[in-house]
Amino acid sequence: MKKSFFSFCSTLLLIAALVGCSSSPPAPAGSSQQPEASTKQEGGSGAEQILQMNGREPKTLDAGLSNDVASGAYIRAIYDALVRLDKDGKPVNSVASDIKISEDKKTYTFTLRESKWSNGEPLTAKDFAYAWFRTLDPKTASSSAYKYYPIVNAKAFNLGKAKKEDVGIKVIDDKTIEVQLENPTPYFLTLATFYYPVNQKVVEGNEKWANEAATIVTNGPFKIETWEHKSKIVLVKNEHYWDKEAVKLDKIEFSMVEDANTELEMFNQGELDWAGGPISSLPVDAIPAMKEEGKLQAMQKAQSYYLLFQTEQAPFTNEKIRKAFAYAINRQEIVDNILQGGQTALTGLVPQSASLKPEGYFKDNDAETAKQLLAEGMKELGIEKLPEITYLYFNSDAQKKIAEALQGQWRKVLGIEVKLINKDMNVMFDEQAQGKYMISVTAWTADYNDSVNFLELLMEKYSDNNCTLWHSEAYNDLINRSYKETDETKRNQLLQEAESILMNEMPVTGLYSNVNVWVQNDKLKGVTVDPLGYIDMKWGYKE
């Protein structure tokens, strides 16, 4: 998921931004995907079933447009797809009661159970098809369209090179929808957990339908009761949800406090039941003590934090100068002295959970090579002095400290004073998308745990997921070949070659593989954080 940070370039991430444990093999041909997502939970009686969380103002609550972690937490609570991830990150039946997979693993037939929208109207296969085609429609310009690319002609349609009727999505009847894939795709059902429906009548009746609580119609465990922009969101149990018996929480109240120290203090005062990841972050200075006290929860996640270079903005038009700034970074120092939560220094793009080369592609903190590359790059550009260099980052305790560390490292190694620019996350995403930066930070939380989910981000020069404006036909060719390669060893080699090109030309440089760290109310049970790094409150309850 892009922007994992909460989203990225337009964007991913960060904190959060984009899954190894998530790509479980599909069920055998002709069988149903089991078990179902209606895992019954104990508890829920006696205690007040109100969950108090901290969140952020979502970029959108339109499931067809959302592609960031902050919005995604709300999306997963108020929408439901044909399949849903369980607590182990494995796809299980949800709105789909049955899933048939052809012997060649290229045709999926989903049978829907009886279910309704939050306004009580019936939910049908046509609602899913409408939503998927809408996301793929070039006019929608959705940054989530890539998630549908394994489907026959989905990418071509999204790029304006095929007709709607050529896409491998077919409604058989009100309760059946068939999907045809370009190639066998082991992680398809994990991707399908993002294939949400939207209500056509609502969407076409009000272009701003997803901006206010009163006009949003959804189909998930919860529905929106209140949305006070940049202040709070309140969700309540959806009485029309197909699996409402499994939902124990009556209400979820989201505050929107940006300061990590304030969030932690609210938790300590009993005003929040949860503080930290995946939605927000803990103050890094508080992590060692919480770890020592045994209060800290930590889980590896399929997420990379990395830097973007605007490759059409001098001096980062020069490959050697991009490399100089990348090699001058001491990632281990950032991981050990700032983050302190178990993160791993990253000298590639793909995080440890899905990496094909865990040792990385270059030496961390290679000061001498960085100095040499800077001198060579400046000579190639014919300049004796660099223009003012800026680093754009978003509001976060950790990101502020990381920005200051990077500033100090570049000063020490390269003798360059980099100007730090701090913006609201959504403003940062917009400026990245417009190319209004020199160096910036982003993150990607995987949609499925496979290296290709990270590498394919850089394929399209003008996509929301690639704000670097870098493009390489050789790189694209390797990834396109990997989609069709059925031999795992050969496929991995193609992807490793692609990542090598990326690290040689350096439009991006890895910072660290991330982890989720949080604290929670001891009485809170059932809220899951899966191995991909996503939170699901469907099964939550208080003892």
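With the first letter of the sequence shown counted as 1, position 317 gets the number 317 in UniProt numbering; the numbers rise by one all the way through.
Think of the CB as a built atom: it goes at the ideal place given N, C-alpha and C, for glycine as much as any other residue.
Model, not experiment: these values are computed from the prediction.
Would you kindly work out how many angstroms separate the C-alpha atoms of residue i and residue j, rounded to a whole number?
i: isoleucine 78; j: glutamate 404; result: 38 Å
i: tyrosine 195; j: alanine 129; result: 9 Å
i: alanine 367; j: leucine 392; result: 23 Å
i: aspartate 536; j: isoleucine 75; result: 10 Å
i: lysine 538; j: valine 284; result: 29 Å
i: leucine 386; j: glutamine 352; result: 35 Å
i: alanine 96; j: arginine 113; result: 6 Å
i: asparagine 268; j: phenylalanine 222; result: 27 Å
i: residue 545; j: glutamate 178; result: In the structure as shown, the chain starts at 1 and stops at 543, and residue 545 therefore has no counterpart that could be examined.
i: tryptophan 227; j: glutamate 207; result: 18 Å
i: arginine 326; j: phenylalanine 316; result: First, the residue type needs correcting, since residue 326 is alanine and not arginine in the sequence shown. Those two C-alpha atoms are separated by around 11 Å.
i: serine 500; j: glutamine 340; result: 29 Å
i: valine 335; j: isoleucine 233; result: 33 Å
i: tryptophan 274; j: glutamate 505; result: 41 Å
i: isoleucine 416; j: glutamine 409; result: 9 Å
i: glycine 526; j: leucine 455; result: 33 Å
i: arginine 134; j: alanine 125; result: 14 Å
i: alanine 210; j: isoleucine 99; result: 30 Å
i: valine 203; j: aspartate 62; result: 9 Å
With DSSP collapsed to three states, give me the class of residue i.
i: tyrosine 391; result: strand
i: alanine 345; result: strand
i: asparagine 465; result: coil
i: serine 353; result: coil
i: aspartate 366; result: coil
i: tyrosine 306; result: strand
i: valine 418; result: coil
i: glutamate 207; result: coil
i: aspartate 450; result: coil
i: alanine 403; result: helix
i: lysine 525; result: strand
i: serine 281; result: coil
i: lysine 147; result: helix
i: threonine 140; result: coil
i: methionine 438; result: coil
Since residue i sits in a beta bridge, which residues does DSSP pair it with?
i: tryptophan 518; result: Gly276, Gln297
i: tyrosine 108; result: Ile101, Val179
i: arginine 84; result: Val92
i: proline 315; result: None; proline 315 has no bridge partner.
i: tryptophan 444; result: Ser304
i: proline 122; result: Lys116
i: isoleucine 321; result: Its beta-bridge partners do not exist; DSSP assigns none.
i: tyrosine 541; result: Lys525
Beta carbon of residue i, beta carbon of residue j: below 7 Å?
i: lysine 106; j: leucine 181; result: yes
i: asparagine 158; j: leucine 191; result: no
i: leucine 346; j: tyrosine 483; result: no
i: threonine 528; j: lysine 87; result: yes
i: isoleucine 287; j: isoleucine 338; result: no
i: glycine 377; j: lysine 320; result: yes
i: tyrosine 187; j: tyrosine 448; result: yes
i: alanine 324; j: alanine 370; result: yes
i: methionine 503; j: glutamine 310; result: no
i: serine 281; j: alanine 260; result: yes
i: proline 58; j: aspartate 127; result: no
i: alanine 47; j: arginine 56; result: no
i: isoleucine 389; j: valine 418; result: yes
i: asparagine 514; j: glutamine 343; result: yes
i: glycine 168; j: proline 138; result: no
i: valine 508; j: leucine 356; result: no
i: leucine 381; j: leucine 414; result: no
Out of the options, which one is the CA nearest neighbour of residue i?
i: alanine 81; options: Ala70, Gln372, Thr111, Leu469; result: Thr111
i: serine 231; options: Trp242, Glu239, Glu212, Ser255; result: Ser255
i: alanine 162; options: Lys170, Asn521, Asn153, Ile169; result: Asn153
i: asparagine 199; options: Ala210, Val217, Glu207, Leu189; result: Val217
i: leucine 189; options: Gly205, Lys90, Gly277; result: Lys90
i: serine 94; options: Asp68, Ile101, Arg84; result: Arg84
i: alanine 141; options: Asn219, Asn67, Val515, Ala125; result: Asn67
i: aspartate 166; options: Ala156, Glu312, Ser115, Leu381; result: Ala156
i: arginine 331; options: Asn183, Asn395, Gln407; result: Gln407
i: arginine 411; options: Phe394, Ala474, Ile329; result: Ile329
i: lysine 436; options: Lys525, Leu469, Leu494; result: Leu469
i: histidine 240; options: Met266, Gln340, Ser118, Ala298; result: Ser118
i: glutamine 496; options: Gly270, Leu349, Ser115; result: Leu349
i: glycine 360; options: Gly510, Gly540, Asp98; result: Gly510
i: glycine 270; options: Ser144, Ile50, Lys461; result: Ile50
i: alanine 354; options: Gly277, Trp444, Asn426; result: Trp444
i: threonine 176; options: Phe394, Tyr108, Thr193; result: Tyr108
i: threonine 60; options: Ala213, Lys363, Leu272, Thr489; result: Ala213
i: glutamate 460; options: Ile479, Ser451, Glu263, Asn219; result: Ile479
Does the beta carbon of residue i fall short of 6 Å from some heavy atom of the ligand MN?
i: leucine 374; result: This structure does not include the ligand MN; it has no bound ligands of any sort.
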